[in-house]
Amino acid sequence: MSSDAISNVEVQATNVVIVKPEADQAGGSHDLINVEDEASGSHDQPIEETKKLSIVIHGKPTTSKILRERLDSLNQPAEKPVKSLIHKVPSMLRENKEFEKHYEPRVVAIGPIHHGRLNFDYAETMKHKLAGQFMEERGIDPKALYNKIMKNLKILKSCYEEDVIKCYSDDELAWMFLVDGCGMLHFIHCIVKDDGKLQKLNIKKDQVAFAQRDMFLLENQLPFELLELLMNSVVQNTEKDGIREAISEFVCNICDSLITIEHSATGESVKKQQSCHLLELLREELIANFAKTGEKTERNKNGEPHSFRNVKELIASGILLKPTGERSLNIFFERSFLSRGILRLPSLIVDDTTAPKLKNIIALEMCPHFLNDFQVTSYICFLDSLIDHPEDVQELRKAKIITNCLGSDEEVAKLFNEIGTDLVPNPDLYAKVKADIHEHYKNRCKTYLAEPITPISVVPGLSLLFLVPCLHFFSVLFKLISRFLLKKVNERCLGSW
2 MSSDAISNVE VQATNVVIVK PEADQAGGSH DLINVEDEAS GSHDQPIEET
52 KKLSIVIHGK PTTSKILRER LDSLNQPAEK PVKSLIHKVP SMLRENKEFE
102 KHYEPRVVAI GPIHHGRLNF DYAETMKHKL AGQFMEERGI DPKALYNKIM
152 KNLKILKSCY EEDVIKCYSD DELAWMFLVD GCGMLHFIHC IVKDDGKLQK
202 LNIKKDQVAF AQRDMFLLEN QLPFELLELL MNSVVQNTEK DGIREAISEF
252 VCNICDSLIT IEHSATGESV KKQQSCHLLE LLREELIANF AKTGEKTERN
302 KNGEPHSFRN VKELIASGIL LKPTGERSLN IFFERSFLSR GILRLPSLIV
352 DDTTAPKLKN IIALEMCPHF LNDFQVTSYI CFLDSLIDHP EDVQELRKAK
402 IITNCLGSDE EVAKLFNEIG TDLVPNPDLY AKVKADIHEH YKNRCKTYLA
452 EPITPISVVP GLSLLFLVPC LHFFSVLFKL ISRFLLKKVN ERCLGSW
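In my numbering, the protein residues as written are 2 to 498.
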């Protein structure tokens, strides 16, 4: 039989019905094809019931349906993050040419992001020794603690962004949390107590300094849920309280290495807050008194831009610079005698660790899961607006607002200009200070105070004030004496004749 004949037989034996129903309510369309295979009387097999095959061919959704779905998705309320997650530095900051210098650890990796780096072998050995001492001195069974971490691993994993931990198994994470957590707690306790245990482990002071720096990097954090779990494993309550106090004192000491104080505004250390990790706790300490001062004010209502100047121009306009003397980021502007202005700023210590601390706190404030008012970012932007040249840093040093432990004033100016690049401050913070400075500039009657009055400038002024009439007096006296003498000479000459 030919192929055409076979095709004819197949077509005759099959009844194809195409049904086109109306478009569904969602706006889409489809075709329904019914294929019926009828039993032939010439078949040797028993006649079976009619077999039907329904094939649904879905067409593409209409434009109106796509648009409606997209609009519906826009109307859905955004979910607020329950808590801040530990994750990598935001991509915008990763483009910085000095990223490794300020955002990556130097000597020790803590947590999953930098775990396993080859150049940290010595630090890994020290972490194991510190963790072993922590558990041994407090009577903690390592196996029981490991099982406890495994039991709470789901909660601990929820503290991290998923991409950070997806390459680790549960067993690897649990062991990492045990070693890093116990090692860090013992390290902090040894630093605060200064009991010589670190020296006995041959951990030198320079390594201690770099390790402290690494503990306040955004990508080197452990969740406080883990630290609480480890501290609760300690049997004696006094020992638990001692560890918590050590953490609080440790963070306060790091804060004091940033901001110098004459007196504490509250006289209290870090309060127990819902901080997620050490870096956030340091930030909370820096801004602890910030919200209480009412610095968040209304914006400029008339829309007039605030003219802002560097330090040299502020001084030239009659504004004095003075430290606040508090451990806070509060900035005040006061009007004083003779219509002078006083700008009070925090006293900042600038050294090799200042940039990493501030940059990582700023990175934390920029994280999408971290809801905040950008207090530290706004403070850095304010300070950056004051510093254009090394001379500005020099004036801040004279006013005891900056303690330069970094090097030259030019290095400090370059540092703050670099940190302040591409930052977006909260426009509500320091709004009142900026408005007051702007009003000071607008009042032109203060221009006579363009230069500060000093004893050196007063003496020549007073001397000139008295010298001018004296010179005039002596010039007149000289003329009278000259005329008198000339007259006498003439009389003698005439008498001789």
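Virtual Cβ for every residue (Gly too), placed ideally from N, Cα, C.
- Sequence-distant partners of Cys382 (beyond 5 residues in either direction) whose C-beta falls short of 7 angstroms from its own C-beta, in its chain, are Gly421, Leu424 and Pro426.
- Only residues of its own chain outside the window of five on either side were considered, and among them Glu366 have a CB closer than 6 angstroms to the CB of Asn373, listed in chain order.
- Scanning its chain for C-beta atoms nearer than 6 angstroms, with the 5 sequence neighbours on each side dropped, one finds around Glu392 the residues Lys313, in chain order.
- Out of Glu229, Arg341 and Gln134, the CA that lies nearest to the CA of Asn153 is found in Glu229.
- In this structure the region 192 to 200 does not lie against the region 87 to 100, because fewer than three pairs of beta carbons, one per stretch, are closer than 8 angstroms.
- Between the beta-carbon of Cys183 and that of Met136 there is about 6 angstroms, and that keeps the pair under the 8 angstroms contact cut.
- Under the criterion of beta carbons closer than 8 angstroms, Lys358 and Leu259 qualify as touching, at roughly 6 angstroms.
- Of all C-beta pairs linking the region 112 to 125 to the region 242 to 260, fewer than three are shorter than 8 angstroms, placing the two stretches out of contact.
- For Pro324, the enclosing beta strand (DSSP E) starts and ends at Ile320 to Pro324.
- Asn221 is bridged by DSSP to nothing; it lacks a bridge partner.
- Arg328 is positioned such that its CB atom lies closer than 9 angstroms to that of Glu286.
- Remark: three or more beta-carbon pairs, one from each stretch, lie closer than 8 angstroms, so the region 134 to 149 and the region 172 to 192 are flagged as touching.
- Rounded to whole angstroms, the Cβ separation of Ile362 and Val377 is 5 angstroms, and the two are in contact under 8 angstroms.
- Residue pairing by DSSP leaves Ile362 without any beta bridge partner.
- Here Phe334 carries a strand assignment [DSSP, helix/strand/coil].
- Under the DSSP assignment, Gly243 falls in the alpha helix (DSSP H) whose first and last residues are Asn238 to Asp257.
- In this structure, the alpha-carbon of Asn238 lies about 30 angstroms from that of Glu173.
- DSSP lists Leu321 and Glu335 as the bridge partner or partners of Ile343.
- Closest by C-alpha distance to Asn444, out of Gly319, Leu472, Val351 and Asp171, is Gly319.
- The residues Val90, in chain order, have a CB closer than 6 angstroms to that of Tyr104 in the same chain once the five nearest residues on each side in sequence are set aside.
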